[in-house]
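K.L.:
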Amino acid sequence: MSGWIIILWLVGIFVVPFILGNLIASALKMRSESRRFGIVLMVLAFGMAPFINQLIHGHNLKDAFRLGIDLAGGTNLVYQADKEQAEASGKEISSSAMDELTRSIARRVNPSGTEEVTVRQVGEDRVEIIIPGADTDYVQAMKDKITRLGSLEFGVLAARHDRAHQNIIARAEQSDSDDLFDGTQRVATWLPVARIQAGDNQGQLKDVTGDPSVDVFREREVNGQTIREFLVIVSPPEQKIDGRYLVNSRPTFDENGGVAVSFTFNARGGFLFQNLTGQYQPKKDGQKYRLAAILDGSIHSAPSINAVISESGIISGSFTSEEVNELVSVLNAGALEIPLVKEPVSEYTISPLLGVDVQEKGIMAISVAAIAVLIFMVVYYWTAGIIADICLAVNVALVLGAMALIDATFTLPGLAGLVLTIGMAVDANVLIFERMREELNRSSSLRMAIQNGFGKAFSTILDANLTTLISAIILYAIGTDQVRGFAVTLFIGIIMSMFSALYVGRLMFDVLENKRLISASSLLGKSIIGKTNLDFLGKQWLATILSLVVIAGGMTALVSRGNDNLDIDFTGGSMVTFQFTDNPGIEDARAALEEQFGNDMALERLIVPTDNGAGEDQIFFRLRSKNQDRDEVASMVNEAFEASEFHLTKNSVEFGEITAIPEQSEEENAEAAPVDLFAGGNQVNLTFADEETLTAIQDRVIRSYAKLTETPLDSISEALFALKGTAGSGMEADESAVQRYSEMELKVASEISQDQLQETLVSMQERMANTPDFSEVNTFSSAVAGETQSKALLAILASLAAIIAYIWFRFSQIAFGLAAVVALVHDVLVVLGLVAIASMLSATPLGPVLQLTDFKINLPMIAAFLTIIGYSLNDTIVVFDRIREVRGKNPDITKEIINTSVNQTLSRTILTSLTTLLVVLILYFIGGEGLHGFAFCLVAGIFVGTYSTIFIANPVLLYAAQRRKPDA
């Protein structure tokens, strides 16, 4: 984007709205309100910017949103750890190393947690990444982020004027090796200069030149390209400066105005950096040393060291803006613990996980729910209801704009959550309107009713929303990707809700009142809920018994169901990828598989486009099951379609003559020729009816050999076998694409005899001819690993502690904070138990009547639980705020004070619950299976949250407050 366009955008967002605001204020003869008009228009312009940008570029408005895998499909990538590189660097591909690798990739592709990218381990040495959307450029950018090692190091270039370097330089210039050792200690290494990645000079070496009288460099030909290498002095391991010490990196500009990367080290890194640069200060005769910035093993820049550098600096080097942004993302995520093979093992385009019918049901339910809330507000509140609806429309527009600006991904539950935000955002309007009603009932003027309505409701709205904001900040700061995504959405929703209700709403009321367009009689409709005087605390023991019974029953059901409570998101399992001779629809395939697997499975439709766009795309299906036995799952898939009208594809293989690989001669060994690991072994050519990947055939060969020799599969080394493609589309495929071959060359080590190889190939041939061609049979890990679950729980506990602290501060008693948290814990336990009970009742006659199904706890349900916490907390603080007001300067909290406060806020509690319940009931009953579990949790949560505010939080508050009173 050019500088002029940026300036125009800034003027359009920050200047034009205030000019328009001044014109509107002048037209209305309300010049004093011009600033308020300007602020509202500026915020609206900021929110509308992503949509205006789409229209300017001729795109559809919906292109501003990135839809989730459930609505728009996406891309499925599987990468394998690079064993050769890992062994060369002395790293073991262990379970812990793969866990760290998975987390590093997740931080790269989903740093904010809002992009709905799934990253999980597959098998022992593979990682699966599922990216919503299938935009080619976006997927390619993701691939670059995923496979880039992300290592950052700093080292001093060897200098001829340094006496300590001269011996090292002499030895390096005589050696053919890239590394120079002093005993076992590496003291220097030759490193290449990086190449420019984009622009007019793409492919050229970066501007890192050398002075032969000072610098030590060499140029040589590698694969037809000239590379330039500098000799870099290697620091001892304990003094090495690398990405371990990086606190953060961010885009910036260098002294020449070019884009660059700014970095900051922690205290230890700063200390080491200070020592290194301090050791190599300019000499008295003016000669200087150069500091190499080394990214992924290549030198990107090598500026002179002019002064001591400690904790921060800049890396320049002919970067593009896109390259800098990618580099910052990769560096902040951390280097990969284990390098990945650049070519993915498999790459598929995934069809939307939800069928068209399910999507249509969900979208219809969301639309009906939103309209129902808007109609309810107008019917109940008349003119004020129309203003509330306008505020809600502004709120939704701003939330959508903010989510589009941060490139968040919208799933079907996410869109439902947006409508739920409308229902919950009504709460602020209801609080204000009910306060206005109280003022009008006291015969206040309309202007005073508006002023006092907003004024008295402000502290309640602020407290209720600030506690939730604090929770959102803590969840984002220490939570997992999934929790952070929810926290971002929650934070945006609350900020926009407060702005639309308190600022936009107040401005509209002031304008209408000033212009005499509203009157006290037309402002608010008649209140259906009159004045009440109910003894709520008198029922506390009955409520306590009811809660204990429900929690005990729910926890019993939860424990008895065990692993059946959890969806595949949390359990992991086995996955099988297969293809049909005649492609059925995903619903037909799912129906056949459910007879074998029940609903403990997930099915994805995968597409492999043809390379040149000619011919038909290949269609695959991938089943995921909670069953950890992958062979049993493959067998069950086969059985599911044996008697079906749909037939799974089979492939065939022919193999040529097996020939011996000559032993390596003594002369070759003496001349230090490369060691042939397969010398003395055997080789054979394989030909396939349909193209296959190297990894799929290697897996088949190893399995057949394991079965033949009765050897455990995990004890067979893959180093015994080597496959190379010799014909097929993979010969011309890009290195970042999946490569498939119709012919391959198989080599086996000398440990495997010719007869064993013959029998292995015959076994594989028979198996391929008689069993379906499963492209992949493997295990996969939970999308939410054990450590991730612990981190999520820690984030929730920390947010609860923060809630206690804030409420303690605001209400001057810890009893308020403890009572609120007890109610929250109560709500989560009850709803969790109700999910388990409902799942058990789904098999009874009551199940179909109430539309109960075998609910499984998945990531959308976790979002629902977090929403319940926010709703219940909001509800509770409204009552607590009224208790504080009724109590006044009375040091005691009594039963009468609490009952009075609950009765005074009862109309608000019922109205808010009704509007929110209206939304979730519509989502539950007509939203289809895509929203069913999510909506069930919310329906239960609204009932339970309203109940706990009155019958749990208040009794706990009374008990805790009275315990603090000194004995008379």
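In the numbering used here, the protein residues as written are 1 to 968.
Just so you know, even glycine gets a beta-carbon here, dropped at the ideal spot from N, CA and C.
(1) What are the boundary residues of the alpha helix (DSSP H) that includes MET555?
(2) Taking 8 Å as the threshold, find out whether the region 81-98 comes into contact with the region 432-448 through three or more Cβ pairs.
(3) Judging by CA-CA distance, which residue of LEU873, ALA141, ILE52, SER839 is the nearest neighbour of GLN851?
(4) Could you check what DSSP says for GLY225 in three-state terms: helix, strand or coil?
(5) Take TRP4 and list the residues in its own chain whose beta-carbon comes closer than 7 Å to its own, dropping the five residues that flank it on each side.
(6) Which residue from VAL259, ASN874, GLY334 puts its Cα closest to that of PHE319?
(7) So what does DSSP say about HIS826, is it helix, strand or coil?
(8) Identify, in the order they occur along the chain, each residue of the same chain with its Cβ nearer than 8 Å to the Cβ of SER32, setting aside the five sequence neighbours on each side.
(9) Look up GLY888 in the DSSP assignment and say whether it is helix, strand or coil.
(10) Could you name the residues of the same chain whose beta carbon sits closer than 6 Å to that of TYR79, not counting the 5 residues immediately before and after it, in chain order?
(11) Using alpha carbons as the reference points, say which of LEU723, LYS747, LEU708, GLU92 lies closest to VAL762.
(12) Given this structure, state the Cα-to-Cα distance separating GLY538 from ARG908, to the nearest angstrom.
(13) Taking only the alpha-carbon atoms, compute the straight-line gap between GLU587 and THR695 and give it to the nearest angstrom.
(14) With DSSP collapsed to three states, give me the class of HIS300.
(15) Report buried or exposed for ARG163, applying the criterion of at least 16 other Cβ atoms within 10 angstroms of its Cβ.
(16) Which word fits ASN770, buried or exposed, when buried means at least 16 other C-beta atoms lie within 10 angstroms of its C-beta?
(17) Can you tell me which of the three DSSP states TYR138 falls into?
(18) If you follow the beta strand (DSSP E) that VAL684 is in, where does it begin and where does it stop?
(19) If you compare alpha carbons, which of PRO282, ILE893, ASN325, THR905 is closest to ASN306?
(20) Leaving out five residues before and five after MET555 in sequence, what residues of the same chain have Cβ atoms less than 6 Å from its Cβ?
(21) Which same chain residues end up closer than 8 Å to GLN754 when comparing Cβ atoms and leaving out the 5 residues on each side of it in sequence?
(22) Would you mind reading off the limits of the alpha helix (DSSP H) that contains PRO192?
(23) Straight-line CA distance for SER329 to ASN110?
(24) Taking just the CA atoms, how far does ALA706 sit from MET768?
(25) Quick check on PRO772: does DSSP put it in helix, strand or coil?
(26) If I'm right that ILE492 touches VAL399 with Cβ under 8 Å, what's the distance once you round it to whole angstroms?
(27) Rounded to the nearest angstrom, how far is the Cβ of VAL576 from that of VAL777, given a contact under 8 Å?
(28) Which of the three DSSP states, helix, strand or coil, is assigned to VAL488?
(29) When the Cα atoms are used, what is the spatial distance from PRO50 to ASN60?
(30) Excluding the five sequence neighbours on either side, which residues of its own chain have a C-beta within less than 6 Å of the C-beta of GLY933, listed in chain order?
(31) Looking at the secondary structure, which residues open and close the alpha helix (DSSP H) in which ARG108 lies?
(32) Can you name the start and end residues of the beta strand (DSSP E) that ASN76 belongs to?
(33) Mapping the DSSP letters down to three states, classify LYS526 as helix, strand or coil.
(34) Within the continuous alpha helix (DSSP H) that includes SER901, where are the two ends?
(35) Could you have a look at GLU671 and say whether DSSP puts it in helix, strand or coil?
(36) Classify PHE655 as helix, strand or coil using the three-state DSSP reduction.
P.N.:
Taking the definition as stated:
(1) 540-561
(2) Touching, no.
(3) SER839
(4) According to the sequence as given, residue 225 is Gln; it is not Gly. In this structure, GLN225 counts as strand in the three-state DSSP scheme.
(5) Cβ-Cβ distances below 7 Å link TRP4 to nothing in the same chain once the five nearest sequence neighbours on each side are left out.
(6) VAL259
(7) helix
(8) Beyond the five residues adjoining it in sequence on each side, SER32 comes within less than 8 Å, by CB distance, of ALA25 in the same chain, given in chain order.
(9) When secondary structure is reduced to three states using DSSP, GLY888 falls in the coil class, being assigned neither helix nor strand.
(10) VAL127, LEU340, PRO344
(11) LEU708
(12) 21 Å
(13) 30 Å
(14) strand
(15) Sixteen is the threshold: since fewer than 16 other Cβ atoms of the shown chains lie within 10 Å of the Cβ of ARG163, the residue is exposed.
(16) exposed
(17) helix
(18) 682-693
(19) Cα-wise, what sits closest to ASN306 is PRO282.
(20) GLY833
(21) Here GLN754 has ILE658, ALA660, ASN682 as same chain residues with Cβ atoms under 8 Å from its own Cβ, once five neighbours each way along the sequence are excluded.
(22) No alpha helix (DSSP H) contains PRO192, which is instead part of the beta strand (DSSP E) from 185-192.
(23) 10 Å
(24) In this structure, the alpha-carbon of MET768 lies about 16 Å from that of ALA706.
(25) Look at PRO772 here: in three-state DSSP terms it is coil, with no helix or strand label.
(26) 6 Å
(27) 5 Å
(28) helix
(29) Their Cα atoms are separated by approximately 11 Å.
(30) PHE855, MET861
(31) 95-109
(32) 74-80
(33) coil
(34) 895-904
(35) Confidence at GLU671 is low in this model, with a pLDDT of 44, below 50, so its placement is unreliable and the value that follows should be read with caution. Coil.
(36) strand
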